[in-house]
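I have placed the structure first, in the form of structure tokens, so that the comments after it can refer back to it.
Residue numbers (the numbering used here): 25 to 476.
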């Protein structure tokens with residue numbers, strides 16, 4: 025414990041707290057995470073223990089051991105698990121507040137916009153897929169409002185999802201089938217789903233089959249097509265709209281390469297129609313034109329990629345597959361904690377990209393002012409990153425700071441490369457954080473430590 029007290033000066037917990045939502049400590053009690061004051065009496069201690077379990081990838085036993093060695097609290101592995109279960113609503117509340125801090129460019133209007141998806145989870149040591157996780161995300165707060173765990177044979181369908189009136193459900197091509205669309209419309213909800221001509225046959229008002237390629241072929245790059253289109257299911261006709269936009273040449277080539285790789289892997293041949301279809305993004309929606317324009321609908325479909333980022337952050341960033349959980353309930357509880365970290369990972373990427381995009385040739389830009397960086401970043405970080413960037417600490421700018429972190433995470437920065445993603449920034453951040461901790465340990469006057 026004495027060694028733990030000596031290291032308190034190296035603690036950056038106060039910096040972490042600056043990024044948490046206002047009122048998060050009081051919410052720990054109102055949301056039921058701190059009902060009892062035994063052993064863990066403060067919200068700070070509870071959150072540190074839970075983040076040690078998830079963000080550091082520690083097992084329950086290792087989490088309990090490290091918390092005791094750090095002098096935070098003395099708890100068992102079972103107690104850590106119970107605390108995680110009790111903190112689920114609190115963690116969801118924090119994730120919701122963090123997500124609301126994001127600038128929003130789209131208004132939901134009368135809709136509750138939700139995105140559905142599924143992902144596979146492979147247990148450690150397994151030779152194939154162990155589970156399939158089906159989930160729905162409310163895009164207003166990025167909270168998981170639907171969760172189902174099935175075996176690998178559980179298919180992706182709207183029929184798994186409970187819906188309410190005026191829900192707008194966004195989904196990818198796997199969900200674009202007549203039975204799924206009929207289920208959404210029967211619940212007085214709306215659907216916005218990407219489709220293929222094989223899985224989702226469309227019809228004209230007279231009942232003739234609508235030839236999708238013949239309609240979209242007229243579009244030029246950047247044009248948006250909007251045509252009435254009906255879906256038929258068990259003798260019922262569902263009115264909707266066929267929306268399409270033509271991709272750029274680069275995007276088309278990328279999509280065709282992906283199709284060819286998949287065809288080669290499955291030993292299949294590609295049809296000319298499939299290669300032609302790769303030129304377009306084709307969507308079907310049941311929302312009338314008076315409620316949602318074609319341009320707005322495509323903007324909302326682009327927002328659907330937030331659920332892809334959320335899923336990647338959970339699996340890659342939070343390493344949720346390595347948790348070796350044995351039940352759907354335990355996986356859902358861990359997902360609540362992982363949501364807080366996942367949202368911060370995405371926000372970290374957005375902050376870095378906004379800085380890198382901010383007028384790179386303008387010396388007066390805040391991203392080019394060393395003083396702006398020194399006001400928010402600890403001195404130890406500036407010292408370490410400036411050494412890695414090979415520039416004086418007093419001249420390090422925000423742009424150099426983020427680029428250095430991204431490059432430590434594998435970002436190359438070629439002219440053809442885009443902005444660094446959250447995975448490279450997080451990897452670089454983690455690596456630099458270890459260097460900073462070592463630097464601080466070398467600077468700290470720890471005194472003489474006895475061994476044995």
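Don't be surprised by glycine CBs; every beta carbon is placed ideally from N, CA and C.
- Residue ranges of uninterrupted beta strand (DSSP E) with 3 or more members are absent from the region 86-114; none lies entirely inside it.
- For residue 260, the CB contacts under 8 Å within the same chain, skipping 5 residues up- and downstream, are 206 in chain order.
- Inclusion of residue 169 and residue 332 in the CB contact set at 9 Å is not warranted, their separation being larger than that value.
- Take the alpha-carbon of residue 56 and the one of residue 115: they are about 11 Å apart.
- A direct Cα-Cα distance of roughly 26 Å separates residue 60 from residue 42.
- The DSSP-derived three-state label of residue 229 is coil.
- Measuring C-alpha to C-alpha distances from residue 248 to each of 458, 236, 40 and 269 identifies 269 as the nearest.
- The beta carbon of residue 434 lies closer than 7 Å to those of 448 and 451 in the same chain, with the five residues before and after it left out.
- Per DSSP, residue 141 is one residue of the beta strand (DSSP E) stretching across 136-145.
- Taking a contact as a CB-CB distance under 8 Å, the pair residue 408 and residue 327 does not count as one, their CB atoms being some 37 Å apart.
- Comparing alpha carbon positions, the residue from 121, 119, 155 and 77 closest to residue 100 is 77.
- Here the region 206-216 makes no contact with the region 235-246; the two share fewer than three CB pairs at distances below 8 Å.
- Per DSSP, reduced to three states, the secondary structure at residue 392 is helical.
- Residue 192 is bridged by DSSP to 137 and 214.
- Here residue 324 is near residue 194, since their CB atoms are less than 9 Å apart.
- Counting the other CB atoms within 10 Å of its CB gives residue 37 a total below 16, which places it among the exposed residues.
- Counting along the chain, residue 46 sits inside no alpha helix (DSSP H), nor does DSSP assign it H or E at all.
- Rounded to whole angstroms, the Cβ separation of residue 394 and residue 421 is 6 Å, and the two are in contact under 8 Å.
- Judged by DSSP in its simplified three-state form, residue 288 adopts helix.
- With a beta-carbon spacing of about 15 Å, residue 302 and residue 293 fall beyond the 8 Å limit used to define contacts.
- Assigned with DSSP and collapsed to three states, residue 435 falls in coil, not helix or strand.
- Remark: C-beta atoms of residue 137 and residue 192 approach each other more closely than 9 Å.
- Straight-line spacing of the CA atoms in residue 222 and residue 432 works out to 44 Å.
- When secondary structure is reduced to three states using DSSP, residue 242 falls in the coil class, being assigned neither helix nor strand.
- The shortest C-alpha to C-alpha distance from residue 85 to any of 278, 66, 106 and 67 is the one to 106.
- Listed as beta-bridge partners of residue 158 by DSSP are 142 and 172.
- As the crow flies, the alpha-carbon of residue 439 is around 20 Å from that of residue 374.
- Under DSSP, residue 309 forms a beta bridge with 216 and 265.
- Boundaries of the alpha helix (DSSP H) around residue 460: 446-467.
- The beta carbon of residue 113 is closer than 7 Å to those of 55 and 56 in its chain, skipping five residues each way along the sequence.
- A direct Cα-Cα distance of roughly 7 Å separates residue 162 from residue 139.
- For residue 250, the enclosing beta strand (DSSP E) stretches over residues 248-257.
- In this structure, the straight-line span from the alpha carbon of residue 40 to that of residue 181 is close to 40 Å.
- A check of alpha carbon separations from residue 246 across 178, 273 and 134 identifies 273 as the nearest.
- For residue 200, the closest C-alpha among the options 412, 171, 266 and 157 is that of 266.
- When beta bridges are read from the DSSP output, residue 270 appears opposite 245 and 304.
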